[in-house]
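According to numbering that gives the first Met the number 0, the residues represented by the sequence shown are 0 to 148, in order.
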Amino acid sequence: MSKSNTSDRYMPAPTLEGILWQLAQVFWVGGLWVFHVGLVPALKVSGLAPLLVQDIAVQIDRWLIGVAAVGLLTQLAVLVRLRGVAAWWQTFSGQMLLVGFTACVGYYTLRYGVSVGERWQVFCFAVLGISGIVLAAQPVPGRARRARH
């Protein structure tokens with residue numbers, strides 16, 4: 000008999016893969032949303048010049064997309080380790096990771112390769128942010144779902 004109602008047999012210890020998955024997700028998804036939902040509007044309200052706020056946003060966007068790409072690659076590596084390479088396109092999480100990584104590549108291609116305008120870069124940023132939110136709602140791979148009795 001356990002000393003508490005929450006016993007270890009119901010809650011398995013987190014694995015290294017699960018910890019890496021969640022840590023990478025916190026950095027790239029959290030960074031994207033905190034910056035664009037929290038920091039940029041706060042800078043606009045603070046009374047800074049609009050051109051300065053826009054320049055800050057553009058400069059930090061490049062770094063955020065890079066952090067997101069590293070986080071996505073980390074999560075893809077975790078998914079391969081747990082479920083194999085086929086999980087990239089067979090699982091919903093893998094598909095969303097590939098969508099997010101494609102958005103990162105698209106952003107950098109549009110920014111440095113093809114200069115077609117800022118709207119497509121914003122579109123890639125939005126796709127990346129939405130795929131991150133959808134991934135955050137998915138269970139961590141490797142953590143088996145158990146029926147509750």
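Cβ coordinates follow ideal geometry from the N, Cα and C atoms, glycine included. Every value quoted in this text rests on a predicted model; they were computed, and no experiment measured them.
Beta-carbon gap between residue i and residue j smaller than 8 Å
i	j	result
W27	L96	no
G174	G83	Shown here, the chain extends from 0 to 148; a query on residue 174 therefore has no answer.
A23	Q58	no
L38	L127	no
Q94	Y106	no
Span of the alpha helix (DSSP H), counted from its first residue to its last, around residue i
i	result
A136	117-136
P13	Unbroken run through P13: none, as it is neither H nor E.
G93	91-107
Nearest neighbour of residue i, chosen from the options [CA to CA]
i	options	result
F124	L22, W62, L50	W62
A56	F34, A135, A67	F34
F122	I64, R80, A76, G93	I64
A76	P13, I18, A12	I18
V25	L15, P13, V66, D60	V66
P133	R80, G29, E16, L15	Per the sequence presented here, residue 133 reads as Val, with Pro not at that position. Ranking the options by Cα distance to V133, first place goes to G29.
E16	R80, V69, A68	R80
Check your understanding: Are three or more beta carbon pairs between the stretch 38-50 and the stretch 80-89 nearer than 8 Å?
Key -> no
Practice item. Scan the stretch 10-72 and note each continuous beta strand (DSSP E) run of 3 residues or more that stays entirely inside, going in chain order. Key: none
**Study point:** Given 8 Å, three or more beta-carbon pairs between the stretch 127-144 and the stretch 49-56
**Key:** no
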